[in-house]
Amino acid sequence: MNTPKIPIAAGPFNSSVESLKEYQCPEWFRDAKFGIWSHWGPQAVPRQGDWYARKMYIEGDPHYKHHFETWGHPSKHGYKDIIPMWKAEKWDPEALMALYAKAGAKYFVSMGVHHDNFDLWNSKHQQWNSVKMGPKRDVVGEWKKAATRHGLHFGVSEHLGASYAWFASSHGADKAGEYAGVPYDGANPEYHSLYHPNHDEPFNWGRTWYANNPQWHAHWFDRMKDLVDQYQPDLLYSDGGLPFEETGRSLVAHYYNANQAAHGGKVEAVYNHKDMGTGEFIREAGAQDVERGVLKGINPLPWQTDTSIGDWYYSDGFKYKTTDQIIHMLADIVSKNGNMLLNVVQYADGSLPPEPQKFLEEMAVWIAVNGDAIYGTRPWKLFGEGPTDAVEGHFKEDTAYTAQDIRFTTKAGSLYAITLGVPQGEVRIKSLGQNAKVAEGIVASVRLLGSDEVLKWTQEPAALVIKLPPSVPTQHAAVLQIGFENQPTAVMVPEEAISK
Numbered sequence: 293m294n295t296p297k298i299p300i301a302a303g304p305f306n307s308s309v310e311s312l313k314e315y316q317c318p319e320w321f322r323d324a325k326f327g328i329w330s331h332w333g334p335q336a337v338p339r340q341g342d343w344y345a346r347k348m349y350i351e352g353d354p355h356y357k358h359h360f361e362t363w364g365h366p367s368k369h370g371y372k373d374i375i376p377m378w379k380a381e382k383w384d385p386e387a388l389m390a391l392y393a394k395a396g397a398k399y400f401v402s403m404g405v406h407h408d409n410f411d412l413w414n415s416k417h418q419q420w421n422s423v424k425m426g427p428k429r430d431v432v433g434e435w436k437k438a439a440t441r442h443g444l445h446f447g448v449s450e451h452l453g454a455s456y457a458w459f460a461s462s463h464g465a466d467k468a469g470e471y472a473g474v475p476y477d478g479a480n481p482e483y484h485s486l487y488h489p490n491h492d493e494p495f496n497w498g499r500t501w502y503a504n505n506p507q508w509h510a511h512w513f514d515r516m517k518d519l520v521d522q523y524q525p526d527l528l529y530s531d532g533g534l535p536f537e538e539t540g541r542s543l544v545a546h547y548y549n550a551n552q553a554a555h556g557g558k559v560e561a562v563y564n565h566k567d568m569g570t571g572e573f574i575r576e577a578g579a580q581d582v583e584r585g586v587l588k589g590i591n592p593l594p595w596q597t598d599t600s601i602g603d604w605y606y607s608d609g610f611k612y613k614t615t616d617q618i619i620h621m622l623a624d625i626v627s628k629n630g631n632m633l634l635n636v637v638q639y640a641d642g643s644l645p646p647e648p649q650k651f652l653e654e655m656a657v658w659i660a661v662n663g664d665a666i667y668g669t670r671p672w673k674l675f676g677e678g679p680t681d682a683v684e685g686h687f688k689e690d691t692a693y694t695a696q697d698i699r700f701t702t703k704a705g706s707l708y709a710i711t712l713g714v715p716q717g718e719v720r721i722k723s724l725g726q727n728a729k730v731a732e733g734i735v736a737s738v739r740l741l742g743s744d745e746v747l748k749w750t751q752e753p754a755a756l757v758i759k760l761p762p763s764v765p766t767q768h769a770a771v772l773q774i775g776f777e778n779q780p781t782a783v784m785v786p787e788e789a790i791s792k
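Per our numbering, residue 293 is the first one in the sequence shown, and the count goes up by one each step.
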């Protein structure tokens, strides 16, 4: 076994790639399918959406314009002055978690730290944190207590790795106008613990996401170790590839070893990272994350889509996803062996805008009827059929499905067919026709979840044809539960169905 340079908890994992490839994803994550994320912090205050702390220092950017017109020039009023304005005065984690649990979330993820370098916990290594400033509350700790009380697994997200270069914009100055050449407040050494010291490592999204400074790597490790040691999350998410080579691998090894010790010798932790931008991607080391997109086909390893109902932080005028869109994405993702982690946008005060509130209410109704087709399921021989297929990759989530698009899941001897829309009249499932190569055999039963009506159906050579009642029990999508004669539904993933 290689000895890591950075001390980690004792256990089977170390900082080598080979060691982390021995990881096995826990069943709770594979069964959970749907999680809710609170991507929230001081950047919600301006009501301008994501990356405010960086873009407010980029002359000509709409965020810069908004900041200048609202609070003044960033040489005088900077991001440090936004932080005290984040008071979270209406934040009730207990009430929100009750809504999230009712809407079907099986795990909850708290923002730990965004690129803004502000820790949302009682941080030992960063004075700029939510216990000492802003709301003066342990945001991560309070979210965890609420999640635990409601039976949800708990996770944290870290976006810190990119912060060193991401925040370099705060060290600049205007190139034109009244304030040309006047340094922004990030150049002031008094605030370098927030904005980082001046440096010459540029930020270029997707290419120079992570800085090379070894002191920064060590500081990142200390803060992330503090986060996982204090709160022992079930899930840890990194916004990008695995940061900083051996330093990052050491952190993941420590996280898994400590989790195993706390769970009687079994690793129950999940690490999410992406195959985009800089940093390492070790697919077997955790559950791959795809930002605002999906993978193509059934994947042999569990994975996750992370997306948001709106912008990542609250933004005035932003167009929200509909409940239809979210449920259809969820069904497509689950049929391909994935999970969905959905950010539910909050106002700066901690309350919910009306659009997320409406979604949670509608999702609660749908999942109460159709949850059997989602939770604890595994992929079938095919992920689905129909005229529409989602484009693979990050930031490609605008697929418009129809009621003729069907996604399959399996559990306990049943095959579930989820229509990505509300069907009318009949449903035709070509994959279950008598002549279909993937058919399970003779269909013995068909039931519409949420309905007591006895359905009429025929298994024809070209398709299983199911006559529907005049109305289906739920909006957004319908679910048909199908059984077969003398043959339990196979939960299998043939090689030709897998996206390598």
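Glycine included, each C-beta is placed from N, C-alpha and C at the ideal position.
- Excluding the 5 residues flanking it on each side, ILE758 has same chain C-beta neighbours closer than 7 Å at GLU718, VAL719, VAL738, LEU747, TRP749 and LEU772, in chain order.
- Counting only the Cα atoms, HIS565 lies some 16 Å from GLU314.
- With a cut-off of 8 Å on Cβ pairs, the segment 383 to 400 is in contact with the segment 426 to 436, counting three or more such pairs.
- Bounds of the beta strand (DSSP E) holding GLN751 are 748 to 751.
- PRO475 is bridged by DSSP to ALA465.
- Under the three-state reduction of DSSP, TYR529 is assigned to strand.
- The C-beta distance from GLN638 to TRP332 rounds to 5 Å, short enough to fall under 8 Å.
- When the five nearest sequence neighbours on each side are left out, the beta carbons in the same chain lying within less than 7 Å of the beta carbon of ASN490 are those of HIS463 and ALA479, in order along the chain.
- With a cut-off of 8 Å on Cβ pairs, the segment 340 to 360 is not in contact with the segment 425 to 432, counting fewer than three such pairs.
- Around the C-beta of VAL683, fewer than 16 other C-beta atoms lie within 10 Å, and the residue is accordingly described as exposed.
- Here TRP497 is exposed: its Cβ has fewer than 16 other Cβ atoms, across all protein chains shown, within 10 Å.
- With respect to the C-alpha of SER600, the residue from GLY370, PHE651, ASN591 and PRO592 having the closest C-alpha is PHE651.
- Close CB contacts of HIS406 within its chain, under the 6 Å cut and outside five residues either way in sequence, are with GLY333 and HIS451 (chain order).
- Between TRP512 and PHE536, the C-beta spacing is below 8 Å.
- The three-state secondary structure of TYR547, taken from DSSP, is helix.
- A straight-line Cα-Cα distance of about 7 Å links GLY668 and LYS703.
- Scanning its chain for C-beta atoms nearer than 8 Å, with the 5 sequence neighbours on each side dropped, one finds around GLY303 the residues ALA545, TYR548, ASN549, ALA550, GLN552 and ALA553, in chain order.
- Here the alpha carbons of GLU361 and SER763 stand approximately 53 Å from one another.
- In the displayed model, LYS313 falls within coil according to three-state DSSP, outside both helix and strand.
- If you ignore the 5 residues before and after CYS317, its C-beta comes within less than 8 Å of the C-beta of VAL562, GLY578, ALA579, LEU593 and PRO594, all in its own chain and listed in chain order.
- DSSP, reduced to helix, strand and coil, places GLU745 outside both helices and strands of the structure shown, so it counts as coil.
- One thing to note: ALA465 has its Cβ no nearer than 8 Å to the Cβ of PRO481.
- For the 8 Å CB-CB criterion, ARG515 and HIS417 form a contact.
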